[in-house]
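Step one of this worksheet: look at the structure below.
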Amino acid sequence: MTSSHFVTTPDGAEIYFKDWGAKEAPVIMFHHGWPLSSDDWDTQMLYFLGKGFRVVAHDRRGHGRSSQISEGHDMDHYAADANAVVEHLDLKNAVHIGHSTGGGQVARYVAKFGGNGRVSKAVLISAVTPIMLKTEAFPLGSPIDVFDGLREQTASNRTQFYKDLPIPFYGFNRDGAKPIDGVIDNWWRQGMMGSAKAHYEGIKAFSETDLSGDLKAIDVPVLIMHGDDDQIVPYKAAALEAVKLVKHGALKIYEGFPHGMCTTHADVINPDLLAFIQS
Numbered sequence: 001m002t003s004s005h006f007v008t009t010p011d012g013a014e015i016y017f018k019d020w021g022a023k024e025a026p027v028i029m030f031h032h033g034w035p036l037s038s039d040d041w042d043t044q045m046l047y048f049l050g051k052g053f054r055v056v057a058h059d060r061r062g063h064g065r066s067s068q069i070s071e072g073h074d075m076d077h078y079a080a081d082a083n084a085v086v087e088h089l090d091l092k093n094a095v096h097i098g099h100s101t102g103g104g105q106v107a108r109y110v111a112k113f114g115g116n117g118r119v120s121k122a123v124l125i126s127a128v129t130p131i132m133l134k135t136e137a138f139p140l141g142s143p144i145d146v147f148d149g150l151r152e153q154t155a156s157n158r159t160q161f162y163k164d165l166p167i168p169f170y171g172f173n174r175d176g177a178k179p180i181d182g183v184i185d186n187w188w189r190q191g192m193m194g195s196a197k198a199h200y201e202g203i204k205a206f207s208e209t210d211l212s213g214d215l216k217a218i219d220v221p222v223l224i225m226h227g228d229d230d231q232i233v234p235y236k237a238a239a240l241e242a243v244k245l246v247k248h249g250a251l252k253i254y255e256g257f258p259h260g261m262c263t264t265h266a267d268v269i270n271p272d273l274l275a276f277i278q279s
């Protein structure tokens, strides 16, 4: 790692990024989920690099190789950090693709910073939009106890928690599913690279942030993709509601696919992403 792979934000966070491919090629920027890193997109980045795209991804503050800064673990800072990478690289007409928490990050980024030709399209995959928490205004959400449980496990035994969570994340607990040790180990590796504080506080960011207004503000085409066997972000409270809020939305629901379908079903997801990008 050298300084050329980092951008420093106004509050001092050092954000690590990857930038692969010809600088004049069409750009795709990827936004990862909690508590992972840009490495979670390796399969997609290599696929699209091979299709002639320039591919960019960054590690969220407190995640991966980005600095373990104490503060700013909220959607506003996440979006601003993504924008710092975009401006540093002067990306234009980019397609922004976000998974899970990264989908929420994309919604906030595009709504706040996506003007002036920076964004051409957006994709929300297994995303936390519009809001995960059950509220009076959004009764389809999950109760606060669910997220308190995630906080308790992160604080008490993060190492074991990050061994256990990939099982439902990838649907390896379903009948007939065969756990893939390398995938589980790679999830654990990415998670343990990050800051416990960032991950703990990030639970509030991905569960309690209401992104309804952001979705309504997005003017570019949006593809919303979700598996109907997602055990982490239930699709009925997420994708089916989010698509109602965007102006130019398309919805694809995948029968039997898990939350981590970009990894387990990359052979299906990648061509579908390509078709949307080229449409």
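Just so you know, the UniProt record's numbering puts 275 at position 275 of the sequence shown, and the rest follows in order with no gaps.
Cβ coordinates follow ideal geometry from the N, Cα and C atoms, glycine included.
query                                                                                                                                                : result
Pro-271: buried (16+ other C-beta within 10 angstroms of its C-beta) or exposed?                                                                     : exposed
Hey, which unbroken runs of the alpha helix (DSSP H) at 4 residues or more fall wholly within the region 175–247?                                    : 181–193, 196–208, 212–217, 239–242
Tell me which same chain residues have a C-beta within less than 8 Å of the C-beta of Met-1, skipping the five on either side of it?                 : Because Met-1 carries a pLDDT of 42, less than 50, the predicted location of this residue cannot be relied on, and the following value inherits that uncertainty. Excluding positions up to five away in sequence, the list reads Tyr-16, Arg-65.
If you reduce the DSSP assignment to three classes, tell me which class Tyr-170 lands in.                                                            : coil
In chain order, which beta strand (DSSP E) runs of at least 3 residues are fully inside the region 249–273?                                          : 249–254
Can you round the beta-carbon distance between Lys-204 and Leu-245 to whole angstroms, since I take them to be within the 8 Å contact cut?           : About 22 Å separates the two Cβ atoms, so there is no contact after all.
Report yes or no: do three or more beta-carbon pairs, one from the region 40–51 and one from the region 69–78, lie closer than 8 Å?                  : no
Could you say if the region 224–232 and the region 195–209 meet the contact criterion of at least three C-beta pairs nearer than 8 Å?                : no
Report yes or no: do three or more beta-carbon pairs, one from the region 157–176 and one from the region 184–197, lie closer than 8 Å?              : yes
In chain order, what residues of the same chain lie with their CB nearer than 7 Å to the CB of Leu-150, ignoring the 5 residues before and after it? : Ile-203
Taking the alpha-carbon of Phe-147 as reference, which of Met-132, Ile-277, Ala-137 has the nearest alpha-carbon?                                    : Met-132
For chain C, is any of its Cβ atoms less than 8 Å away from the one on Ala-22?                                                                       : As a matter of chain content, chain C is missing from the structure shown, which is built from one protein chain.
Can you tell me whether DSSP reads Thr-2 as helix, strand or coil?                                                                                   : Because the pLDDT of Thr-2 is 44, which lies under 50, any placement of that residue in the model is unreliable, and the question is left without a value.
Quickly, what does DSSP pair Gly-98 with across the bridge? List them, please.                                                                       : His-31, Leu-124
Which residue wins for smallest C-alpha separation from Thr-264, given the options Thr-43, Lys-51, Thr-8?                                            : Thr-43
I need the boundaries of the alpha helix (DSSP H) containing Lys-163, first residue and last residue.                                                : 144–164
Does the beta-carbon of Thr-8 have 16 or more other beta-carbons within 10 angstroms, so that it is buried, or is it exposed?                        : exposed
Return the first residue and the last residue of the beta strand (DSSP E) that Glu-87 is part of.                                                    : No beta strand (DSSP E) holds Glu-87; the alpha helix (DSSP H) holding it covers 75–89.
At what residues does the alpha helix (DSSP H) containing Phe-17 begin and finish?                                                                   : No alpha helix (DSSP H) holds Phe-17; the beta strand (DSSP E) holding it covers 14–20.
Please say whether Ala-94 and Ser-120 have beta carbons closer to each other than 8 Å?                                                               : yes
CB-CB under 7 Å to Gly-249, same chain, minus the five flanking residues each way: which ones, in chain order?                                       : Val-222, Ile-224, Val-243
I want to know whether the region 132–145 touches the region 251–258 - three or more CB-CB distances under 8 Å.                                      : no
Taking the straight line between their C-alpha atoms, what separation do you get for Asp-59 and Phe-138?                                             : 30 Å
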